[in-house]
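Per the UniProt record's numbering, the sequence shown starts with residue 1, numbered consecutively. Just so it is clear, CB atoms sit at the ideal spot from N, CA and C, and this is done for glycine as well. To start, the structure under review is shown below, and the notes come after it.
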Amino acid sequence: MIFAIFIPLLFACFVPILSKYKDKIHTGIFVLLIPFIIFLFFIPFIGSEFKPVYTSFNWIPSLDISLDFYLDGLSLLFVLLISGIGALVTLYSIFYLHKSERLGAFYVYLLMFMSAMLGVVLSDNVFVLYGFWELTSISSFLLIGYWHHREGSRYGALKSMLITVFGGLSLLGGLILLTVITGTTSIQEMIAQTDVILNSPYFSLIMAFIFLGAFTKSAQFPFHIWLPDAMEAPTPVSAYLHSATMVKAGIFLIARFSPIFNTSEWFFLIVSGIGILTLCWGSYMAVRQTDLKGILAFSTISQLGMIMAMLGFGTKAAIFAAAFHILNHATFKGSLFMIAGIVDHETGTRDIRKLGGLMTLMPISATLAFFGAFSMAGVPLPFLNGFYSKEMFFDVSLGLNEPTLLAADLLRQAIPYLAVLGSIFTFVYSMYLVFGTFTGEKHLDQLPVKPHEAPIGMLISPAILILGVIVIGLFPNLVNESFIAHTAEAISGKEVHKHIVFWHGFIPPLYMSLIVVIFGAGLYIYRKKWTDIYLFIPGQLSFNKVYDRFVEGLETYSAKITNSYMNDSLRRYVILIIGSIILFTFITMISTNGFAFHTNDLADFSITEVIVALVMAIAAVFTIFTRNKVAAILILGVVGYGLSLLFILYRAPDLALTQLVVETITLALFLLCFYHLPELQPRDESIGFKTTNGIISIGFGLLMTLVAVSSHSSKWFQPISNYFVENSKELGGGYNIVNVILVDFRGIDTLFEIVVLGIAALAIYGLVKLRYNKEAE
1 MIFAIFIPLL FACFVPILSK YKDKIHTGIF VLLIPFIIFL FFIPFIGSEF KPVYTSFNWI
61 PSLDISLDFY LDGLSLLFVL LISGIGALVT LYSIFYLHKS ERLGAFYVYL LMFMSAMLGV
121 VLSDNVFVLY GFWELTSISS FLLIGYWHHR EGSRYGALKS MLITVFGGLS LLGGLILLTV
181 ITGTTSIQEM IAQTDVILNS PYFSLIMAFI FLGAFTKSAQ FPFHIWLPDA MEAPTPVSAY
241 LHSATMVKAG IFLIARFSPI FNTSEWFFLI VSGIGILTLC WGSYMAVRQT DLKGILAFST
301 ISQLGMIMAM LGFGTKAAIF AAAFHILNHA TFKGSLFMIA GIVDHETGTR DIRKLGGLMT
361 LMPISATLAF FGAFSMAGVP LPFLNGFYSK EMFFDVSLGL NEPTLLAADL LRQAIPYLAV
421 LGSIFTFVYS MYLVFGTFTG EKHLDQLPVK PHEAPIGMLI SPAILILGVI VIGLFPNLVN
481 ESFIAHTAEA ISGKEVHKHI VFWHGFIPPL YMSLIVVIFG AGLYIYRKKW TDIYLFIPGQ
541 LSFNKVYDRF VEGLETYSAK ITNSYMNDSL RRYVILIIGS IILFTFITMI STNGFAFHTN
601 DLADFSITEV IVALVMAIAA VFTIFTRNKV AAILILGVVG YGLSLLFILY RAPDLALTQL
661 VVETITLALF LLCFYHLPEL QPRDESIGFK TTNGIISIGF GLLMTLVAVS SHSSKWFQPI
721 SNYFVENSKE LGGGYNIVNV ILVDFRGIDT LFEIVVLGIA ALAIYGLVKL RYNKEAE
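Spelled out as structure tokens, the structure:
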């Protein structure tokens, strides 16, 4: 499994090299092999006899962090979606993105995102999961902002980054609390300690933190505002991130941790409440949109809300329906995004007001769009997979357990009505999307490009997804016991058996579906007569305005705060830095009882050491009063050479030699460069100036003295010097312990220190060379 997770990242290292040959062969052709291989690797796991697979690799044992990966029915579903649709999106992008685009950057970002998503769904260690979780935010930021020359792309990328990273930090807080409570970083071991977590005083806080992470990533109300703006990304990105993978990461998180939380009625109240609200709001707002991808963005929000609501129901039937709809949604929504991209590619616009009548000009695209839209609408036809999971949604909404919380009971009673309401608007926007684009009057004069059917290569990917819609619709039990049942079992922790059939007789879910079709058709036909309601609901209210004002205020006040101390005054910078060190270090030492003073185990000293120390102190004080640059440099050198004498007196010749060399070089450099140093400015003789300097100087000196004394007097741990004394000769082959430490025990550190010095030397040489060339010109 670890191979499957990291192979996209490894291959991404070679993409910039392969992209150099994009004029001869499209870079996507090379990249296509990666998700296809991963898909083929995991396909054999599908079957009625599937058993979870666990692998582990040590990473940071001291922190109990290892690369633990767990493949069960839930992660298998997501892995196949990530790799399968990833392969189709890559194939689609080969024909969608021109060779003149920055293909190297695009495919590096895409592969980075693919690895991140695979890591999220396969990780069993919570901190590894969090690392991959944040990598999805970073890589999606890069993908959404791929066309960075567009203001909308930059805005959408930053918006998605801020909201999802905020949720990611909340998730981290919840995962840390879970680790502290259970004493493990394994998700499966945490699930085994559900009783411990439920009885913890931090349970509510953990649930809030993890739900925030899930809701922000899956665009649940009111965090849904980032998803429509993310449509500025290229269509392959929208089809991949925002229909099948990234937005479903929050769904995955809720599903993975639901065995811990679903016994609490607050789980139902929060998850189902937010989910059903997101369903209704997203479907309602989708009808208002005029951009094809805008309609699909809000439709994605509504569909994710429906899945979230079913997970919140917590029953086996609801969990099975949620798992089934995750698969169905990926098929029809991925194809519809690709069709929207085809329309944009072949007509030059996504504005549905300028489109219409394209069925005769783009018959294949229109046919695929009709299948996808009707499946999304849940039209009761036996060859559309969307109807099955939509009817299951209605069925499970009627069979909820009666909770004890009054609010939860009220929600239980309202959910069937809200489910029908949200589904009615789902029907409306589905019909609006497909009929508004492909039927009606043509507006060819308003189209930037004369429309024509897309090339066959661009149609292959949506056609395969629509084929999945039809095959699952005609033979739903092909993916039942061998696939979806394992997913539901992984979520609920119980065996799930359900036979999927099209006709159940005249039962309430059928009546609910008929109500959706009848009322939805009526609202679509008379859409222009009632859409003025959007002037009142939401009217001028918008969470986007809240976000914009928050970000604008944050930038304004941040600039004011920064400008208050970033005033080009070196003295102020030093005061702030050293003052902060003094304040927080003193507070920490006082609160932790860190002060210690013991006179035992001190080295003997003679009058010689005292004299040297006094000379150093006098020289240090005199640097304050001298006004001559050369004198100041020489007096400061006295302090450095005095320290070298102390090293000699305490029998540390190697340290003394090092100090002498460094001090000599520093002194020589200062003397060579003093001509170019700025003139010493007249001193500020005010009392406040002197008082501040005195407080900072004395405070920092006192702090360093106390830290030095306390570090010598505190014996909290066994000194590491014992290890070096005992092993210097045996392991390092030398009697000079300091040399052995530098060369053997810390050899890698020393090597990188030399590398850093070499890099600095090259940088200085480059600057000197640059200045020399400019002067020569």
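Nearest neighbour of residue i, chosen from the options [CA to CA]
| i | options | result |
| --- | --- | --- |
| Pro451 | Gly357, Pro380, Ser375 | Gly357 |
| Phe595 | Gly642, Ser713, Arg627 | Ser713 |
| Ala366 | Glu453, Leu10, Val501, Val287 | Glu453 |
| Ser123 | Leu535, Val79, Gly436 | Val79 |
| residue 809 | Val165, Gly493, Phe298, Gly145 | The structure shown does not extend to residue 809, since the chain is modelled only from 1 through 777, so no value can be given for it. |
| Leu296 | Ile507, Met231, Gly305 | Met231 |
| Met392 | His504, Thr426, Leu304, Asp409 | His504 |
| Ser238 | Phe337, Val180, Phe106 | Phe337 |
| residue 779 | Gly468, Ile578, Thr750, Phe717 | The structure shown does not extend to residue 779, since the chain is modelled only from 1 through 777, so no value can be given for it. |
| Gly372 | Met1, Pro653, Met431 | Met431 |
| Leu172 | Phe141, Gly213, Pro380, Leu142 | Gly213 |
| Leu91 | Pro44, Ile5, Pro455 | Pro455 |
| His98 | Lys51, Leu33, Arg150, Thr27 | Thr27 |
| Leu474 | Phe387, Ile60, Leu33 | Phe387 |
| Val621 | Val638, Asp548, Ile607, Ile577 | Val638 |
Beta-ladder partner(s) of residue i, from DSSP
| i | result |
| --- | --- |
| Asn125 | Ser186 |
| Leu713 | Reading the sequence as shown, one finds Ser at residue 713 and not Leu. The partner list for Ser713 (beta bridge, DSSP) is empty, contrary to what the question assumes. |
| Leu67 | Phe57 |
| Asp291 | Asp351 |
Straight-line Cα distance separating residue j from residue i
| i | j | result |
| --- | --- | --- |
| Leu406 | Gly314 | 18 Å |
| Thr136 | Leu447 | 36 Å |
| Leu67 | Ile38 | 19 Å |
| Pro403 | Leu269 | 9 Å |
| Gly73 | Pro259 | 14 Å |
| Asp291 | Pro228 | 10 Å |
| Gly440 | Val434 | 11 Å |
| Thr283 | Gln193 | The sequence as given places Ser at residue 283; Thr does not occur at that position. Cα-Cα distance, rounded: 39 Å. |
| Thr741 | Gly758 | Before going further, note that residue 741 is Ile rather than Thr in the sequence given. The alpha-carbon atoms of Ile741 and Gly758 are separated by roughly 22 Å. |
| Leu634 | Leu703 | 27 Å |
| Glu663 | Ala760 | 19 Å |
| Thr666 | Val630 | 13 Å |
| Val574 | Asn693 | 10 Å |
| Val376 | Asn58 | It is Met, not Val, that sits at residue 376 in the sequence shown. Taking the straight line from one Cα to the other gives about 44 Å. |
| Ser423 | Val516 | 6 Å |
| Pro44 | Val496 | 21 Å |
| Met112 | Pro380 | 39 Å |
| Lys20 | Glu101 | 12 Å |
| Ser299 | Leu410 | 26 Å |
| Gly539 | Val546 | 14 Å |
| Thr426 | Glu49 | 37 Å |
| Phe689 | Leu706 | 26 Å |
| Lys528 | Ala490 | 46 Å |
| Ser492 | Ile197 | 17 Å |
Beta-carbon proximity check, residue i vs residue j, cutoff 9 Å
| i | j | result |
| --- | --- | --- |
| Lys217 | Leu162 | no |
| Leu71 | Tyr96 | no |
| Met246 | Ile276 | no |
| Met308 | Ile251 | yes |
| Pro16 | Gly104 | yes |
| Pro234 | Phe106 | yes |
| Phe700 | Ile582 | yes |
| Leu143 | Ser335 | no |
| Asn125 | Thr185 | yes |
| Met114 | Ser83 | yes |
| Tyr565 | Arg572 | yes |
| Ser302 | Ala286 | yes |
| Leu175 | Ile210 | yes |
| Pro52 | Phe543 | no |
| Leu279 | Ala408 | no |
Touch test, the segment 411–422 against the segment 339–356, Cβ-Cβ under 8 Å, three pairs minimum: no
Inter-stretch contact at 8 Å, needing at least 3 Cβ pairs: the segment 191–206 / the segment 113–131: no
Any 3 or more C-beta pairs closer than 8 Å across the segment 388–402 and the segment 322–340: yes
The segment 185–192 in contact with the segment 152–162 per 3-pair CB rule at 8 Å: no
Meets three-Cβ-pair contact criterion under 8 Å: the segment 598–618 and the segment 726–739: Touching, no.
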